[in-house]
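Numbering (the working numbering), first residue to last: 264 to 403.
In structure tokens, the structure reads:
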């Protein structure tokens, strides 16, 4: 399922957010649901977003992504939507930067969207820059 299967979608122009150590692209999307949907279903449709997942999004490419993430020890919730249901509206954001601690071990996972036209050298550089921005922000 896609968001457009759920109702009228509006994609806002891509904006550049200057976050100091990092420049981030932001694309807002609104969906006017044709019928009431569970938040769990909405989250499943949104996760992973194109910023972290494969395109085309098929059973095979999603299985490959899950296998890579498991092999690398990436938490399954990395990059998943976080939201708030308030006054009949659900507002969600997808944070694609993360840091987590387990004892003395620190994890700084990063991800990127990979499409057919992607140049791997650029994707690896983007991943490194994302991790460095989180490390700098947290002094790790």
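Every residue gets a Cβ at the ideal spot worked out from N, C-alpha and C, and that includes glycine.
Sorting 385, 400, 333 and 348 by C-alpha distance to the C-alpha of residue 306 places 348 at the top. Leaving aside the five residues that flank residue 314 on each side, the residues in its chain whose CB is nearer than 6 Å to its CB run, in chain order, 359 and 376. Residue 309 sits away from residue 270, with the two beta carbons spaced by 9 Å or more. Per DSSP, reduced to three states, the secondary structure at residue 353 is strand. The beta carbon of residue 370 sits closer than 6 Å to the beta carbons of 363 from its chain, once the five residues preceding and following it are set aside; these are given in chain order. Between the beta-carbon of residue 302 and that of residue 353 there is about 6 Å, and that keeps the pair under the 8 Å contact cut. If you look at residue 341, you'll find it isn't in any beta strand (DSSP E); DSSP assigns it neither H nor E.
Taking the C-beta atoms as reference points, residue 343 is found nearer than 9 Å to residue 357. Assignment of beta strand (DSSP E) within the segment 363-391, counting only whole runs of 3 or more residues, yields 363-365 and 368-370 in chain order. Residue 394 and residue 312 have their C-alpha atoms some 19 Å from each other. Annotation for residue 274: the continuous beta strand (DSSP E) segment containing it runs 270-274. Per DSSP, residue 298 has no beta bridge partner at all.
If you look at residue 279, you'll find it in the beta strand (DSSP E) that goes 278-281.
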